[in-house]
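Colleague: Next up is a structure, given as structure tokens.
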Amino acid sequence: MTATCRESCCSATPRVSVSDLFERGFRRLRDAPLSIEGEVHRDPAGNFVRFSLDVADGRIKSVGFRSSSCATLIAYCELIAESVPGSRCDIAGVLTSKEIIETLPGVPPYKHDRAVLAVAALRAALNVIPT
Amino acid sequence: MKVAYIFATQRHNVSYVLAKMILPQLEEKRHGASVVGMFFFEDNNYVLVKDNPIGARLHKVAKEQGILLMGCDQCCYEREIADKLFAGVPIGCFPDLYKALSGNPPDQVITL
């Protein structure tokens, strides 16, 4: 019996590594923004990110983002964009940078501030969802 | 003259040009130029992984001579070694490299 291939080429479950998330995030970056756009968040190094959302019945349908080209930041944003859809909006708002950092090993500690930036930008988008 | 090296191509660059030319000359303090930084692309980043014997010598001489070592962040993530480099060796991209070298900029950048 042949074991199921778990690589990203043929697995049903995409790999959650920085490199794979960066690749998928880089493609998502090119998509048009979704209907609800949050404020742009920036860090002192010049990185920026803005999330956009589609929401229906109090749940997040899909997530988009525009960001600077930092690979770590794109990977964190893509992780959020893949994780959050399906969640209730209030539940998505309690996502923390610590959880994001722990979900994605392999990032050196001095790059963890990108997760803080990504989560802040997600919250900014959640804050402008019409009630 | 101050120089920075960018190890962009693979083949014999690390095992030969770095390990058998540049590094021994730096260790013997007769390289002929002051090296301010080295940036590594693609598989060249494996030299920066902890316990790499060439990397250990490079890390030592870099600390002694104030040479910046930096790995390409995307290359290191792709190889899943970003958090396995020698202590104090960062990963980054061009903005990080230029910022890190801004206090001691090279006169020449040599791409190998």
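The listed protein sequences correspond, in order, to chains A and B.
Residue numbering for the first sequence follows this note's numbering, beginning at 1 and increasing consecutively.
Residue numbering for the second sequence follows this note's numbering, beginning at 1 and increasing consecutively.
Ideal placement from N, C-alpha and C gives every residue a C-beta, glycine not left out.
#1: Are the stretch 65-82 of chain B and the stretch 32-47 of chain B touching by the rule of at least three beta carbon pairs closer than 8 Å?
#2: Would you kindly report the start and end of the unbroken beta strand (DSSP E) that includes residue 63 of chain A?
#3: Should the stretch 34-42 of chain A be regarded as contacting the stretch 83-103 of chain A, the criterion being three or more beta carbon pairs within less than 8 Å?
#4: According to DSSP, simplified to helix, strand and coil, what is residue 1 of chain B?
#5: Would you kindly report the start and end of the unbroken beta strand (DSSP E) that includes residue 50 of chain A?
#6: Ignore the nearest five residues each way along the sequence and tell me which others in residue 89 of chain B's own chain have a CB closer than 6 Å to its CB.
#7: With a 10 Å radius around its C-beta and 16 neighbouring C-beta atoms as the bar for buried, classify residue 1 of chain A as buried or exposed.
#8: Using a beta-carbon distance below 7 Å, is residue 18 of chain A in contact with chain B?
#9: Leaving out five residues on either side along the sequence, give the residues of the same chain with a beta carbon under 6 Å from the beta carbon of residue 7 of chain B.
#10: At least one CB of chain B closer than 7 Å to the CB of residue 108 of chain A: is that the case?
#11: Within 7 Å (strictly less), CB to CB, does residue 107 of chain B reach chain A?
#12: Taking only three categories from DSSP, how would you classify residue 72 of chain B?
#13: Just to make sure I have the definition right: I need the residues of chain B whose C-beta is within less than 8 Å of the C-beta of residue 115 of chain A. Which are they?
#14: Once DSSP output is grouped into helix, strand and coil, what is the label at residue 86 of chain B?
#15: Give the range of the alpha helix (DSSP H) segment to which residue 65 of chain B is assigned.
#16: Interface residues of chain B around residue 22 of chain A at Cβ under 8 Å?
#17: Have a look at residue 82 of chain B and residue 128 of chain A and give me their C-alpha separation to the nearest angstrom.
#18: Have a look at A:130, A:131, A:114 and A:26 and flag the residue whose alpha-carbon is nearest the alpha-carbon of residue 44 of chain A.
#19: Could you give the distance in angstroms between the alpha-carbon of residue 30 of chain A and the alpha-carbon of residue 50 of chain A?
#20: With a 10 Å radius around its C-beta and 16 neighbouring C-beta atoms as the bar for buried, classify residue 74 of chain B as buried or exposed.
#21: Could you pull out every residue in the same chain whose Cβ sits closer than 8 Å to the Cβ of residue 74 of chain A, ignoring the five residues on either side in sequence?
#22: What's the C-alpha gap between residue 54 of chain A and residue 63 of chain A?
#23: Under the three-state reduction of DSSP, which class applies to residue 103 of chain A: helix, strand or coil?
#24: Should residue 92 of chain B be labelled buried (16 or more other beta-carbon atoms within 10 Å of its own) or exposed?
Modeller: On the basis of the coordinates in this document:
#1: yes
#2: 59-67
#3: no
#4: coil
#5: 48-56
#6: 48 and 69
#7: In this predicted model, residue 1 of chain A has a pLDDT of only 45, less than 50, meaning its place in the structure is not dependable; the value taken from the coordinates is given anyway. Exposed is the call here.
#8: Yes, contact with chain B.
#9: 13, 40, 44 and 112
#10: yes
#11: no
#12: strand
#13: Here the premise fails: no neighbours, minimum Cβ distance about 14 Å.
#14: coil
#15: For residue 65 of chain B, the enclosing alpha helix (DSSP H) starts and ends at 53-65.
#16: 74 and 77
#17: 36 Å
#18: A:114
#19: Pairing residue 30 of chain A with residue 50 of chain A, the inter-Cα distance amounts to about 13 Å.
#20: A residue is called buried when at least 16 other Cβ atoms come within 10 angstroms of its Cβ; residue 74 of chain B meets this threshold and is buried.
#21: 21, 22, 25, 26, 29 and 67
#22: 7 Å
#23: helix
#24: buried
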